[in-house]
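Worksheet: one structure, shown below.
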Amino acid sequence: MSAVADITSLEAQARRWRDDFPLLEQKVHGHDLAYLDSAATTQKPESVISVLGKYYREENANIHRGVYALSQKATHAYEQSRKKVADFIGAKSFKEVVFVRGTTEAINLVAQSFGRVFLKEGDEILVSAMEHHSNIVPWQLVTEQTGAVLRVIPMTENGDLDQDAYAKLLSAKTKLVALCHVSNAIGTVNPIKDMIAQAHAFDVPVLIDGAQGVPHTKIDVQDLDCDFYAFSGHKMYGPTGVGVLYAKEEYLERMSPYQGGGDMILSVTFEKTTYNEIPYKFEAGTPNISGVIGLGAAIDYVSQIGMDRIASYEASLMGLAVEKLRDVDGLRFIGEPKQRAGALSFILEGIHPHDLGTILDMEGVAIRTGHHCAQPVMTFFAIPASARASFGLYNNEADIDALVSGLAKAKEVFKR
Amino acid sequence: MSAVADITSLEAQARRWRDDFPLLEQKVHGHDLAYLDSAATTQKPESVISVLGKYYREENANIHRGVYALSQKATHAYEQSRKKVADFIGAKSFKEVVFVRGTTEAINLVAQSFGRVFLKEGDEILVSAMEHHSNIVPWQLVTEQTGAVLRVIPMTENGDLDQDAYAKLLSAKTKLVALCHVSNAIGTVNPIKDMIAQAHAFDVPVLIDGAQGVPHTKIDVQDLDCDFYAFSGHKMYGPTGVGVLYAKEEYLERMSPYQGGGDMILSVTFEKTTYNEIPYKFEAGTPNISGVIGLGAAIDYVSQIGMDRIASYEASLMGLAVEKLRDVDGLRFIGEPKQRAGALSFILEGIHPHDLGTILDMEGVAIRTGHHCAQPVMTFFAIPASARASFGLYNNEADIDALVSGLAKAKEVFKR
Amino acid sequence: MNELQELYQQLILDHNANPRHYGRLAECTHSAEGHNPLCGDQIFLELKIEDSCVSQVAFSGEGCAICKASSSLMTERLAGKSVSECKELFTLFHALATGEEDAAQDSAALGKLVVFSGVREFPMRVKCATLCWHTLMAAFENKNEVAVTE
Amino acid sequence: MNELQELYQQLILDHNANPRHYGRLAECTHSAEGHNPLCGDQIFLELKIEDSCVSQVAFSGEGCAICKASSSLMTERLAGKSVSECKELFTLFHALATGEEDAAQDSAALGKLVVFSGVREFPMRVKCATLCWHTLMAAFENKNEVAVTE
Ligand SMILES: Cc1ncc(COP(=O)(O)O)c(C=O)c1O
Ligand SMILES: Cc1ncc(COP(=O)(O)O)c(C=O)c1O
Numbered sequence: 000m001s002a003v004a005d006i007t008s009l010e011a012q013a014r015r016w017r018d019d020f021p022l023l024e025q026k027v028h029g030h031d032l033a034y035l036d037s038a039a040t041t042q043k044p045e046s047v048i049s050v051l052g053k054y055y056r057e058e059n060a061n062i063h064r065g066v067y068a069l070s071q072k073a074t075h076a077y078e079q080s081r082k083k084v085a086d087f088i089g090a091k092s093f094k095e096v097v098f099v100r101g102t103t104e105a106i107n108l109v110a111q112s113f114g115r116v117f118l119k120e121g122d123e124i125l126v127s128a129m130e131h132h133s134n135i136v137p138w139q140l141v142t143e144q145t146g147a148v149l150r151v152i153p154m155t156e157n158g159d160l161d162q163d164a165y166a167k168l169l170s171a172k173t174k175l176v177a178l179c180h181v182s183n184a185i186g187t188v189n190p191i192k193d194m195i196a197q198a199h200a201f202d203v204p205v206l207i208d209g210a211q212g213v214p215h216t217k218i219d220v221q222d223l224d225c226d227f228y229a230f231s232g233h234k235m236y237g238p239t240g241v242g243v244l245y246a247k248e249e250y251l252e253r254m255s256p257y258q259g260g261g262d263m264i265l266s267v268t269f270e271k272t273t274y275n276e277i278p279y280k281f282e283a284g285t286p287n288i289s290g291v292i293g294l295g296a297a298i299d300y301v302s303q304i305g306m307d308r309i310a311s312y313e314a315s316l317m318g319l320a321v322e323k324l325r326d327v328d329g330l331r332f333i334g335e336p337k338q339r340a341g342a343l344s345f346i347l348e349g350i351h352p353h354d355l356g357t358i359l360d361m362e363g364v365a366i367r368t369g370h371h372c373a374q375p376v377m378t379f380f381a382i383p384a385s386a387r388a389s390f391g392l393y394n395n396e397a398d399i400d401a402l403v404s405g406l407a408k409a410k411e412v413f414k415r
Numbered sequence: 000m001s002a003v004a005d006i007t008s009l010e011a012q013a014r015r016w017r018d019d020f021p022l023l024e025q026k027v028h029g030h031d032l033a034y035l036d037s038a039a040t041t042q043k044p045e046s047v048i049s050v051l052g053k054y055y056r057e058e059n060a061n062i063h064r065g066v067y068a069l070s071q072k073a074t075h076a077y078e079q080s081r082k083k084v085a086d087f088i089g090a091k092s093f094k095e096v097v098f099v100r101g102t103t104e105a106i107n108l109v110a111q112s113f114g115r116v117f118l119k120e121g122d123e124i125l126v127s128a129m130e131h132h133s134n135i136v137p138w139q140l141v142t143e144q145t146g147a148v149l150r151v152i153p154m155t156e157n158g159d160l161d162q163d164a165y166a167k168l169l170s171a172k173t174k175l176v177a178l179c180h181v182s183n184a185i186g187t188v189n190p191i192k193d194m195i196a197q198a199h200a201f202d203v204p205v206l207i208d209g210a211q212g213v214p215h216t217k218i219d220v221q222d223l224d225c226d227f228y229a230f231s232g233h234k235m236y237g238p239t240g241v242g243v244l245y246a247k248e249e250y251l252e253r254m255s256p257y258q259g260g261g262d263m264i265l266s267v268t269f270e271k272t273t274y275n276e277i278p279y280k281f282e283a284g285t286p287n288i289s290g291v292i293g294l295g296a297a298i299d300y301v302s303q304i305g306m307d308r309i310a311s312y313e314a315s316l317m318g319l320a321v322e323k324l325r326d327v328d329g330l331r332f333i334g335e336p337k338q339r340a341g342a343l344s345f346i347l348e349g350i351h352p353h354d355l356g357t358i359l360d361m362e363g364v365a366i367r368t369g370h371h372c373a374q375p376v377m378t379f380f381a382i383p384a385s386a387r388a389s390f391g392l393y394n395n396e397a398d399i400d401a402l403v404s405g406l407a408k409a410k411e412v413f414k415r
Numbered sequence: 000m001n002e003l004q005e006l007y008q009q010l011i012l013d014h015n016a017n018p019r020h021y022g023r024l025a026e027c028t029h030s031a032e033g034h035n036p037l038c039g040d041q042i043f044l045e046l047k048i049e050d051s052c053v054s055q056v057a058f059s060g061e062g063c064a065i066c067k068a069s070s071s072l073m074t075e076r077l078a079g080k081s082v083s084e085c086k087e088l089f090t091l092f093h094a095l096a097t098g099e100e101d102a103a104q105d106s107a108a109l110g111k112l113v114v115f116s117g118v119r120e121f122p123m124r125v126k127c128a129t130l131c132w133h134t135l136m137a138a139f140e141n142k143n144e145v146a147v148t149e
Numbered sequence: 000m001n002e003l004q005e006l007y008q009q010l011i012l013d014h015n016a017n018p019r020h021y022g023r024l025a026e027c028t029h030s031a032e033g034h035n036p037l038c039g040d041q042i043f044l045e046l047k048i049e050d051s052c053v054s055q056v057a058f059s060g061e062g063c064a065i066c067k068a069s070s071s072l073m074t075e076r077l078a079g080k081s082v083s084e085c086k087e088l089f090t091l092f093h094a095l096a097t098g099e100e101d102a103a104q105d106s107a108a109l110g111k112l113v114v115f116s117g118v119r120e121f122p123m124r125v126k127c128a129t130l131c132w133h134t135l136m137a138a139f140e141n142k143n144e145v146a147v148t149e
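Here it is in structure tokens:
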């Protein structure tokens, strides 16, 4: 019952945080909204939303190329966000922070720009059995282009990666390991620091898909020593359409450009084009300026609360959720990993997840049902789909209770 | 003086439009802001700005994969924007509308996804001498990858494309023509309908870089019969980080996917991945949802005024600007094309454009100075940089007067 | 609760729990696969068509209650019908499920299938009810494509 | 107008109109190219260094008034200075232009170069003033890289 004790002491502060999120005040089908789909996208605090409006009402201009005051302000705000990101994840320099659309684009960028330079026929890329499609398909595309081969780190029944198998898969042929920090489908927290060290023993760089890592835990890329770390703004209280690729300077310098266009060049003639310095070499065209500035505001928001406090609050909440759901008859967890963050997945006997999703929605409870863009995980557990509840810093015990009573309601509907 | 007569009759309505743009109310260095850099990015009407806030406060959820009410609302709003875009540019179907970050990404997408399938060694791609870097560098990258060759349609002294040379460049070797609708550097409106027809006579598809076309003229892609049309939201009163690739269905169907990840797949296993239908095949990962919805609001905004009215008002304004600038001693237009829209470029004898930019800024006049991401145009006119004034529907005679008197001020500063 | 009861009517729950015509045919002339990527519904439909009439039909696969019940009730309904009658039913059913037209007047023709009128209140579930019908149309054309509802 | 006059002082306008040491050297021991992609400023710097001292210096290229005047005033200043003195001047000038430190106390050492103190009010123009100095540092190292200010 320690989880319950913790939660009560934390409940008060969480209630204050929740007030920062205007969307959560709405009623859905006459019920208070219990938003339990933060792994898909988080809600946004008022401070992030209003910075977007302020940007367009007071500061909007294109960046990097204007001498006038407005463009200068916009450029400053944009580059300040880059510094905030660098500080937030512990990067050595702002040069290691490339702004992209989201995790998916970050991984595609690495697959292409690293792949073209570093991969050749017969080389191996290791991914894990619990990856999101965004950390599978870009590698499949690059293997088609280069003749490199995709190998898969298997998963155990409880939803952890098989570390013995991983150790055996690493070899001189391995050219990259691409791995999620936290699984979006089942919530597993992978021992990435350890796995990175093992890969480095073979001189193999490691890309971490941090889409579900950054929102839930303090990241220090230098401590982790990862070579690439990718994440999405919209999953960490920031706007849609912006994300980050962190990459070590040595790799960015050696990688080929990704997209060509304005801002990523030093000089262009039809005969010869010289590329700009990093990180600009990888940011072609007008970026999502307001999105980047909004991401900066999101970082300000979570930093002010403190990632450690967020992590410990969410851990208590997760403990409570597991406790309460374990008591639900006919509920089976999909994956019970050693360490879990952000999301938990389950199925309810006799009720398809999709039907569950509809019934819960009628009760004001928003969860995700389906394959969560991780079909191989579904195949592994031999289910067509699962129900997933995932948490943000604004969730509380009432949300979990709404979920539990929604499940009871679903059973009622199906037992008529 | 007909331009002046026109303008006075239009001035009143323009004043009403201008009130829709909150940023334009600001003072810069104690002067009213004369924002003459819309070719870099336009300001946004209040209706676009507030739709972003409304989205995040009331509707935010990830799209396409949720059964709950909120996700349904967000999906609906996102897909409604796609329909608005299709209607706005006269596409046959929403399937021909792919959302991207901007013009630059749209062109890179075509270069890679069309290029991988349709280009081989010795094939020729035609671009023009007045292209933005975004319509040069992606093709340079793809020629490196495929062995295809870039050929350049030359320009005449006045800044029009050399149509005779174009006719001679087209051949059986040509696999694609990539051409701007309107030049961002000198404002030339190209006779694209005609040039497309000529290319089609050789069965050559044509990509139009419409970044500077869409904001200034009504587009009908079926009437133009272009195969690809690319544009940016932020240059047509919409948010940053969103743009559109229009492409004929037959090409989208045959092109290889661009980025891999969530949403662009039907099914994934480690052995085999099946791609989703168009346009989703080209939209990997969570898109810029709020950006897309904001673009829809921008389309609503300009449609309500009417693109034809905007075009004719801007034409009068341009006429007036040319008239007044012609009277400025020592001013030389860079390019005097037959038809000009949106932007005009000039230099002032004895004053570097960059110094001009700073002095004008102190007078509240925001223009762009530099190479405008079109270095080959600067090289052609043998100048290191130019000053560019560009217009939006909110500009008026007062803005032009502020520019003219700013030029006088610059001369004063330099004549001391 | 009313809308939910309307959606999950007893008949639907019953066909979900005990689907009719579930399985494979020994021999079939037409078949197709249907897939709803949103929720992972996936069904296989097999038909034996003789003299332009559906003489035998079976479905298999995985799906939510709406999808399974719709498949079950559809297959129950098809046996003996001519292909053109089936196509008319498709049109009626589609109108019913999407609520695009007032299908009430055709309730006689639809028979038991009106039980699905509740889905129109649940836009994200319409595809669950219509998946089997789209798959049927694909089977008639014997295209080797997967019918997709998204 | 005050800030503008501060930026475009008579001395700057004069050196812009009549740049000193403009051209190429017949022979040089060190050289570098500097480039500011923002406005297209591009300068070439050539040095003859003998006994660790700058004996000759010349610049050429295209640039705005600030860039040209700064190059002109810099080259005027360098002749006869030792490499290490030049490096000290770079540090002082950089501090002056960026306004990061109060450079007033070093105005004696900077001499005429204090004329550029006005640029600190124009962040986008700081690079115009410092481009030639960055190029000088690159020339000392004789790296074959282009010095870039962005
Ligand atoms: C003609 C032209 N093409 C392409 C672009 C690139 O657009 P974006 O930076 O929005 O990708 C621009 C914008 O500067 C442009 O004017
Ligand atoms: C683990 C993981 N990786 C990648 C992604 C893709 O992120 P995005 O859709 O923002 O590109 C997600 C989001 O669903 C995710 O959870």
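Residue numbers (numbering that gives the first Met the number 0), protein chains in the order written: chain U, 0 to 415; chain G, 0 to 415; chain F, 0 to 149; chain H, 0 to 149. Ideal placement from N, C-alpha and C gives every residue a C-beta, glycine not left out. These numbers were taken from a predicted model, which means no experiment stands behind them.
Where Met123 (chain H) meets chain U, residues with beta-carbon distance less than 7 Å: Your numbering for residue 123 (chain H) matches position 124 in the fourth sequence. What Met123 (chain H) touches in chain U: Val66, Gln71.
Taking a cut of 8 Å between CB atoms, which residues from the region 30-59 of chain H lie near chain U? His34, Pro36, Leu37, Cys38
Could you check how far apart the C-beta atoms of Val241 (chain U) and Gly260 (chain G) are, in whole angstroms? I think they sit under 8 Å. Here the question's residue 241 (chain U) lines up with position 242 in the first sequence. Here the question's residue 260 (chain G) lines up with position 261 in the second sequence. About 16 Å separates the two Cβ atoms, so there is no contact after all.
Tell whether a beta-carbon distance below 8 Å holds between Gln144 (chain G) and Ser182 (chain G). Against the second sequence, residue 144 (chain G) aligns to sequence position 145. Against the second sequence, residue 182 (chain G) aligns to sequence position 183. No, the Cβ-Cβ distance between Gln144 (chain G) and Ser182 (chain G) is not below 8 Å.
Per-residue burial, Asp354 (chain U) [other beta carbons within 10 Å of its own, 16 or more giving buried]: The residue labelled residue 354 (chain U) in the question sits at position 355 within the first sequence. It counts as buried.
Can you give the Cα-Cα distance for Val97 (chain G) and Ser231 (chain G), rounded to whole angstroms? As a position in the second sequence, residue 97 (chain G) is number 98, starting the count at 1. As a position in the second sequence, residue 231 (chain G) is number 232, starting the count at 1. If you take the alpha carbons of Val97 (chain G) and Ser231 (chain G), they lie about 12 Å apart.
Distance cutoff 8 Å, beta carbons only. Does Glu149 (chain H) sit that close to anything in chain G? The sequence position of residue 149 (chain H) within the fourth sequence is 150, counting from 1. Its pLDDT being 47, under 50, Glu149 (chain H) is placed unreliably by the model, and the measurement read from it follows with that caveat. No, its Cβ sits nowhere closer than 8 Å to a Cβ of chain G.
I'd like to confirm something about Lys234 (chain G): is its beta-carbon nearer than 7 Å to some heavy atom of ligand 1, or not? In the second sequence, residue 234 (chain G) corresponds to position 235, counting from 1. Answer for Lys234 (chain G): yes, Cβ within range of ligand 1.
Pairing CB atoms from the region 126-133 of chain H with CB atoms from the region 73-93 of chain H, are three or more of them under 8 Å? yes
Could you name the residues of the same chain whose beta carbon sits closer than 8 Å to that of Leu223 (chain U), not counting the 5 residues immediately before and after it, in chain order? As a working mapping, residue 223 (chain U) is identified with position 224 in the first sequence. Contacts found: Ile191, Lys192, Ile195, Ile207.
Rounded C-alpha distance that separates Ser1 (chain G) from Ala314 (chain G): Working through the second sequence from its first residue, we reach residue 1 (chain G) at position 2. Working through the second sequence from its first residue, we reach residue 314 (chain G) at position 315. Note that Ser1 (chain G) scores a pLDDT of 48, beneath 50, so its modelled location is shaky; the value from the coordinates is reported in the next line. Going from the Cα of Ser1 (chain G) to the Cα of Ala314 (chain G) covers about 12 Å.
Pull the bridge partners of Leu330 (chain U) from the DSSP assignment, please. Here residue 330 (chain U) refers to the residue found at position 331 of the first sequence. Looking at the DSSP assignment, Leu330 (chain U) forms a beta bridge with U:Leu347.
Rounding to the nearest angstrom, what Cα-Cα distance links Lys414 (chain U) and Phe281 (chain G) in this structure? Counted from its first residue, the first sequence places residue 414 (chain U) at position 415. Counted from its first residue, the second sequence places residue 281 (chain G) at position 282. Roughly 43 Å separates the two Cα atoms.
Should Met0 (chain H) be labelled buried (16 or more other beta-carbon atoms within 10 Å of its own) or exposed? Taking the first residue of the fourth sequence as position 1, residue 0 (chain H) is located at position 1. Low confidence applies here, because Met0 (chain H) scores a pLDDT of 48, under 50, leaving its location unreliable and the question unanswered by this model.
6 Å Cβ shell around His180 (chain U) - same chain, five flanking residues per side excluded: Taking the first residue of the first sequence as position 1, residue 180 (chain U) is located at position 181. Once the five neighbours on either side are set aside, the close Cβ partners of His180 (chain U) are Ile191, Ile207, Gly209, Gly212.
Taking Cβ-Cβ distances shorter than 8 Å, what residues in chain H pair up with Leu251 (chain U)? Locating residue 251 (chain U) in the first sequence gives position 252, where the first residue counts as 1. Simply none; closest approach about 16 Å.
Per DSSP, what kind of secondary structure is Arg64 (chain G) in: helix, strand or coil? The sequence position of residue 64 (chain G) within the second sequence is 65, counting from 1. Three-state result, Arg64 (chain G): coil.
So, using beta-carbon positions, are Ser81 (chain H) and Ser106 (chain H) closer together than 8 Å? Along the fourth sequence, read from residue 1 onward, the residue named residue 81 (chain H) stands at position 82. Along the fourth sequence, read from residue 1 onward, the residue named residue 106 (chain H) stands at position 107. In this structure, Ser106 (chain H) does not lie closer than 8 Å to Ser81 (chain H) by Cβ.
Quick one: which unbroken alpha helix (DSSP H) runs of 4-plus residues sit fully inside the region 41-120 of chain G? Chain order, please. Counting only unbroken stretches of 4 or more residues, the alpha helix (DSSP H) elements lying wholly within the region 41-120 of chain G are 45-53, 68-88, 102-117, in sequence order.
Ligand 1 heavy atom lying under 7 Å from the CB of Asn189 (chain G): As a first step, residue 189 (chain G) must be located in the second sequence, where it is residue number 190. It does not: the Cβ of Asn189 (chain G) is nowhere closer than 7 Å to a heavy atom of ligand 1.
Can you pull the chain U residues whose beta carbon is under 9 Å from the beta carbon of Leu12 (chain F), in chain order? Position 13 of the third sequence, counted from the start, is the residue given in the question as residue 12 (chain F). Correct list: Val412, Phe413, Lys414, Arg415.
Measure from the alpha carbon of Thr155 (chain U) to the alpha carbon of each residue in U:Ala200, U:Gln258, U:Gly405, U:Asn189, then state which is nearest. Counting from 1 along the first sequence, the entry for residue 155 (chain U) is found at position 156. If we check each option's Cα against that of Thr155 (chain U), U:Asn189 comes out closest.
Which bits of chain H does Asp354 (chain G) rub up against, with CB to CB less than 8 Å? The residue given as residue 354 (chain G) occupies position 355 in the second sequence. By Cβ distance, chain H contributes Tyr7, Cys63, Ala64, Ile65.
Any beta-carbon of chain U closer than 8 Å to the one on Leu3 (chain F)? As a working note, residue 3 (chain F) is residue 4 in the third sequence. So yes, Leu3 (chain F) belongs to the interface.
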